[in-house]
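Report on the following structure.
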Amino acid sequence: RLQGRLSDVEEERKYLMEENGRLRGELVQQQSQRVCTPDQMEKCLMRIEELEERNARLEEDLRSETRRKASMSEHMSLLKRDLEQSCEEKSALVESLHNVHTQL
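Take the sequence shown: its letter number 67 is residue 839 in the numbering used here, and every next letter is one higher.
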């Protein structure tokens, strides 16, 4: 009789272990297929929209900065050219002054 009871307990234990495994599998599957509520979905969509708007603003800022940098680079080139011309004029004037001084 005791042996029969042990068999029953063993069968029950085996069944409970299988059921536990099945339920764990279902839980994992449900967690991986978690469905958003309409409210959660709306929040996600709003956040995506906010991020897209922010991204668009950042892209425009980047384009603006690129244009500003190009303009600044062009301005620096003009200043450099003006400086080189001024240096050439100064050298010519110094040489001319030196020639006048040596003639006196």
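C-beta: ideal position from N, C-alpha, C; glycine also.
Since the structure is predicted, the reported quantities are computational estimates derived from the model, not experimental observations.
Please report the residue range of the alpha helix (DSSP H) in which residue i lies.
i      : result
VAL872 : 810–875
For residue i, which of helix, strand or coil comes out of DSSP?
i      : result
GLN805 : coil
Taking the straight line between their C-alpha atoms, what separation do you get for residue i and residue j?
i      : j      : result
LEU865 : LEU830 : 51 Å
ARG826 : GLU837 : 16 Å
LEU851 : LEU823 : 41 Å
LEU817 : CYS808 : 12 Å
LYS786 : LEU799 : 20 Å
SER845 : LYS862 : 25 Å
GLN801 : ARG794 : 11 Å
SER791 : GLU814 : Position check: residue 791 holds Glu in this sequence, whereas Ser was assumed. For GLU791 and GLU814, the distance between alpha carbons rounds to 37 Å.
VAL781 : GLN775 : 10 Å
At least one CB of chain C closer than 8 Å to the CB of residue i: is that the case?
i      : result
GLU867 : Going by chain labels, chain C is absent from the structure shown, which holds only one protein chain.
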